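Read in my numbering, the sequence shown has 85 at position 15, and its numbers run on one by one without any break.
Taking it in order: structure first as structure tokens, then the write-up.
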Amino acid sequence: RWYCGEEPRLASVPTYDLSRPEVLAEQLPRLSELVVKPRTGHGGVGIVVCPHAHPDAIAAVHAEVSARPETFVAQELMELSRHPTAIDGRLEPRHVDLRPFVFHAGEDAIRVLPGGLTRVALDAGSLVVNSSQNGGAKDTWILP
């Protein structure tokens, strides 16, 4: 809205502010369905994808969120697209996401380049695409 002065065409991932008592009360019982993220940090450190996590990891994040809810947000799990990826000389499906390159090019000018950065989960079945957490990246270009 702020950059382009119009409503987004795609919705953001539903995100829950666990510091709000009413939100915490609603989301804590369904924590095993959500992705829990620390409010601070970077590179995917501390993120728990609860639907894919070991029960011990879910119990630990439940205890942490209960003790310090103001330090976490929770999001609905968004399944990433899958793309054929060259792994050991064979094509295998891997989860990917696309980060477009968007530039503020003047007072009222926003430009989106024809391409972006595709992040890929290098581990089979993983949803983690962060390069600091064993993800990879590839340039993506859209040709006319």
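Every residue, glycine too, gets a C-beta built ideally from N, C-alpha and C.
A quick note: this is a predicted structure, and the numbers were derived from the prediction, not measured.
Under 8 angstroms: do the region 168 to 175 and the region 130 to 146 share three or more Cβ pairs, one atom per stretch? The region 168 to 175 makes no contact with the region 130 to 146; the number of CB pairs closer than 8 angstroms stays below 3.
Can you give me the Cβ contacts of Q203 inside the same chain, cut-off strictly under 6 angstroms, excluding the 5 residues immediately before and after it? Once the five neighbours on either side are set aside, the close Cβ partners of Q203 are G114.
Separation of H112 from L94, as counted between CA atoms: Going by the C-alpha atoms only, they are around 23 angstroms apart.
If you compare alpha carbons, which of H153, R181, I157 and R189 is closest to Y73? For the options H153, R181, I157 and R189, the alpha carbon positioned closest to that of Y73 is the one of R181.
Work out the CA separation of L88 and L213 for me, nearest whole Å. In this structure, the straight-line span from the alpha carbon of L213 to that of L88 is close to 43 angstroms.
If I follow the unbroken alpha helix (DSSP H) through V131, where does it start and stop? Residues P125 to A137.
Quick one, are the C-beta atoms of D167 and L150 less than 7 angstroms apart? Cβ atoms of D167 and L150: closer than 7 angstroms.
Would you list, in sequence order, the uninterrupted beta strand (DSSP E) runs of no fewer than 3 residues that lie entirely inside the region 120 to 207? The region 120 to 207 is shown to contain whole beta strand (DSSP E) runs of 3 or more residues at 142 to 146, 151 to 157, 160 to 174 and 180 to 191, in chain order.
Given this structure, state the Cα-to-Cα distance separating V106 from S201, to the nearest angstrom. Rounded to the nearest angstrom, the two C-alpha atoms are 19 angstroms apart.
Which value, in whole angstroms, describes the spacing of the CA atoms of T188 and T210? Within the model, the alpha-carbon separation for T188 versus T210 is close to 6 angstroms.
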